[in-house]
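>
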Amino acid sequence: MLHKHRSKAITHGPTRAAHRAFLRATGMDDADMDKSIVAIISSAGDNTPCSKSQGPQADNARLGIAEGGGVPVMMSTVSVSDGTSMNHDGMRMSLLSRELVADSIELAVRGHAYDALVGFAGCDKTLPGTIMAMVRLNVPSVFVHGGSMLPGHAPDGTEHTVLSAIEGVGRYQKGEITLQQLGGIERTSAMTVGSCPGQFTANTMGMVGEALGLSFLGSSTIPAVYSERLALARRAGRRAMEILTAGGPLPRDLVTRKSLENACAAVAATGGSTNAALHIPAIAHEAGIVFTLDDVATVFNRTPLIADLQPGGKYLASALNVVGGVPCVLNALLAGGFLHGDALTLTGRTLAEELAQHPGPDGKVVRSCDTPIHATGGVVVLKGNLCPDGALLKIAGLKSLTFDGRARVFETEEDCMKVVSSQSYAAGDVLVIRNEGPRGGPGMREMLSVTAAIYGQGMGEKVALLTDGRFSGATRGMCIGYASPEAAAGGPIGCVRDGDRITIDAVACGIHLHVDDDELAKRRAAWKPFERERLAGALEKYARLVGPTHLGAVTHSGNTSWPYPPTEENP
């Protein structure tokens, strides 16, 4: 029994009189001192629609914790919105914020000796950051995705999302639409609070939370504006207290090699965000499990694409929610033999037992594994002499899975964006953006503005783009990212020159630079790191600590241990 286990260190014994004085100043009384203290940590804030819905949800989790006999303590962590940080220097802060979210939650929970944690997140990095913190702390935890926004609509009824606005820029640059029409798209692309509504990074990671067993099945696709979320939040608070009383299951009971493979299968089956291949190894790292991009690739390659979700497909998260949510995807995978049904969930029951209460595929939004959209997953890992440790390509929605072209090299994202904006590139080009990896950026910026502009200009599959940076979950087209090793680590991408021939084969999972070994060796010997401005502050610390992409771009050694603190009752 874990009930009231860690917080005794701040509430029990004569030497804790000053601690109790501080707690009384927060509104606690004598009875509360004998109860479990449960942290409710969200990224609630006004900086992004992804976070604006979380305040009321977190507030309702307080009711559930109180119903279960605990003392709820609310606080917020930071978030960096990819929606407003992209295509400028602010995007360097995005991936770094994943570590800051995880670190800040760890500091708050350990620093105050809280007994359990209910976490709410809604942005691309707050979701994995919160999950990483839960696994790192290994206290009773329940994870809740804050939910996605509902789509907007054009006058003709066409659904609009933020991706419509981003790709609309490319259409405007090409002359297909007027500035007034672009303004109309802008005003109908994000109509409610919540995360982006496609199977972009936030919703992909919400699905990962369910597949790992850290979230209630069926919870992540409930739209952010639905009142159903308030009841879900109360249930999350109650469940945290039940886990405390029962002594488990704890996050590291749930995050196992089997559940990590389940998470990868869910991503592959839905054509989810390539960012998941960066975040899943990082989550595994917190549990002390070595789970690399190669492990991700193994699952991606054996899992069929069965969900017709945007950006590569037709439907949004709201449509998936109508037909049964994430469980209908997982049930299809379970029936096809692509899921470990014996993995444990936060209810204490197995995934198969929980899925028995939910519907299977509807045949339209989600197909059975017997009639897949594609025989292998919607995301593939490419390897070759250009990316020895791997690179990622989302193939969902691609008309061709191969490309043969000539390199056009750019040292930064801005350099490439100038060329794309002026349409000074041609069909057959392989646009290579380097020095944007975790260390080289630093911060591994997303290239959504570049890729969306290319797609909006009608060049989405007429050119390829390769980078050691990242892509948004909304990216589509022949876009290969996460090239590892990155240029700053001496990776081959740093040796590519204008005019070099590059071939990409997603069927064979290969990417090849057609330069002989002797010439490549000469280039390596002559290579010098790209020089950016002097670093200081958070970016300097991150660049010194961050590891390679294929291992999750993590910043510490993993498998953290938090020993139980001694108390006067139990010295």
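Position 258 (the sequence shown) corresponds to 688 in the working numbering; numbering is contiguous. All C-beta atoms in this analysis are idealised placements derived from N, C-alpha and C, irrespective of residue type, glycine included.
1. Once the 5 residues before and after P1001 are set aside, which same chain residues still bring their CB inside 8 Å of it?
2. With a cut-off of 8 Å on the beta carbons, I'd call G1004 and E716 a contact; round off their distance for me.
3. Measure the beta-carbon distance from R665 to F646 and round it to whole angstroms, keeping in mind my assumption that it falls under 8 Å.
4. Using the beta-carbon count (16 or more within 10 Å), is Y994 buried or exposed?
5. On the three-state DSSP scale, how would you describe Y994?
6. Counting pairs of Cβ atoms below 8 Å between the stretch 635 to 642 and the stretch 681 to 699, do you hit three or more?
7. Would you be able to state if there are at least three C-beta pairs under 8 Å between the stretch 722 to 741 and the stretch 814 to 821?
8. Cβ atoms of I535 and M564: under 9 Å apart, would you say?
9. When DSSP labels each residue in this structure, what does R838 get in the three-state scheme?
10. For K813, write down the residues that DSSP places opposite it in a beta bridge.
11. Evaluate contact between the stretch 647 to 664 and the stretch 575 to 591, counting only Cβ atoms and requiring at least three cross-stretch pairs below 8 Å.
12. What does the alpha-carbon distance come out to for the pair L781 and L644?
13. Is it the case that the Cβ atoms of V809 and K794 are separated by a distance below 9 Å?
14. Return the CA-CA distance between V796 and Y912, expressed in angstroms with no decimal places.
15. Looking at the strands, I want to know which residues DSSP matches up with T897.
16. Classify D738: buried if its beta carbon has 16 or more other beta carbons within 10 angstroms, exposed otherwise.
17. What span of residues does the beta strand (DSSP E) with S823 cover, start to end?
18. Which term fits K744, buried or exposed, when burial requires 16 or more other beta carbons within 10 angstroms of its beta carbon?
19. Identify which residue in V839, V926, Y855 has its Cα closest to the Cα of W957.
20. I want to know whether the stretch 515 to 535 touches the stretch 872 to 889 - three or more CB-CB distances under 8 Å.
21. For H583, is the classification buried or exposed, using 16 other Cβ atoms within 10 angstroms of its Cβ as the cut-off for buried?
22. Using CA coordinates, which residue listed in D930, I934, R601, G605 is at the minimum distance from D946?
23. Based on the DSSP output, what are the partners of E589 in its beta bridges?
24. Is DSSP giving G494 helix, strand or coil here?
25. With L526 and A968 assumed to form a contact (beta carbons below 8 Å), what rounded beta-carbon distance in angstroms separates them?
26. Which first and last residues belong to the beta strand (DSSP E) in which Y544 is found?
27. What residues are listed by DSSP as bridge partners for F573?
28. Assuming P502 and I470 form a contact by the criterion Cβ under 8 Å, report the distance between their Cβ atoms to the nearest whole angstrom.
29. Between A714 and V685, what straight-line distance do the alpha-carbon atoms span, to the nearest angstrom?
30. Per DSSP, what kind of secondary structure is G513 in: helix, strand or coil?
31. According to DSSP, simplified to helix, strand and coil, what is M431?
32. Is the beta carbon of G552 less than 9 Å from the beta carbon of S625?
33. Any idea what DSSP makes of P789, helix, strand or coil?
34. Taking only the alpha-carbon atoms, compute the straight-line gap between N517 and E841 and give it to the nearest angstrom.
35. Taking 9 Å as the cut-off, decide whether the C-beta atoms of E672 and G549 are in contact.
36. Quick check on this structure: which residue in L642, L975, H435 has the alpha carbon closest to the alpha carbon of G870?
Walking through what the data contain:
1. Model confidence at P1001 stands at a pLDDT of 49, short of 50, so the residue's coordinates are unreliable; what they give is reported in the following sentence. Non-local C-beta neighbours of P1001 in its own chain, meaning closer than 8 Å and more than five positions away in sequence, are absent.
2. Outside the modelled stretch of the chain, which goes from 431 to 1001, sits residue 1004, for which no answer is possible.
3. Right, their Cβ atoms sit about 7 Å apart.
4. That one is exposed.
5. If DSSP states are grouped into helix, strand and coil, Y994 belongs with coil.
6. Contact between the stretch 635 to 642 and the stretch 681 to 699 is present, because at least three Cβ pairs lie under 8 Å.
7. Yes, the stretch 814 to 821 is in contact with the stretch 722 to 741.
8. Contact flag set, yes.
9. DSSP places R838 within a strand segment (E or B) once states are collapsed to three.
10. DSSP, once it has assigned bridges, lists G940 as partnering K813.
11. Judged by Cβ distances under 8 Å, the stretch 647 to 664 makes contact with the stretch 575 to 591, as three or more pairs qualify.
12. Taking the straight line joining both Cα atoms gives about 11 Å.
13. Taking 9 Å as the cut-off, the beta carbon of V809 is found no closer than this to the beta carbon of K794.
14. Straight-line Cα distance between these residues: approximately 28 Å.
15. Note: T897 is bridge-paired with I863 in the DSSP secondary-structure output.
16. Note on D738: 16 or more other CB atoms within 10 angstroms of its CB, so buried under the neighbour-count rule.
17. Note on residue identity: the sequence assigns Leu, not Ser, to residue 823. 820 to 824 is the extent of the beta strand (DSSP E) around L823.
18. Classification of K744: exposed, given that the 10 Å Cβ count is below 16.
19. Nearest option by C-alpha distance: V926.
20. Under the three-pair Cβ rule at 8 Å, the stretch 515 to 535 counts as touching the stretch 872 to 889.
21. With fewer than 16 other Cβ atoms inside 10 Å of its own Cβ, H583 counts as exposed.
22. Of the residues D930, I934, R601, G605, the one whose Cα lies closest to the Cα of D946 is D930.
23. Under the DSSP definition of a beta bridge, E589 partners with H583.
24. Here G494 sits in helix by DSSP.
25. The Cβ separation is near 6 Å, so the contact holds.
26. In the DSSP annotation of this structure, Y544 is not part of any beta strand (DSSP E), being labelled neither H nor E.
27. F573 is bridged to G549.
28. At roughly 6 Å, the Cβ-Cβ gap stays under 8 Å, so P502 and I470 are in contact.
29. C-alpha separation (whole angstroms): 7 Å.
30. The DSSP-derived three-state label of G513 is helix.
31. Bear in mind that the predicted position of M431 carries a pLDDT of just 46, short of 50, making it unreliable; the figure below should be weighed with that in mind. Reduced to three states, the DSSP call for M431 is coil.
32. In contact: G552 and S625 (Cβ atoms closer than 9 Å).
33. If DSSP states are grouped into helix, strand and coil, P789 belongs with coil.
34. Their Cα atoms are separated by approximately 15 Å.
35. No, Cβ-Cβ distance for E672 and G549 is not below 9 Å.
36. Comparing Cα-Cα distances from G870 to each of L642, L975, H435, the minimum goes to L975.
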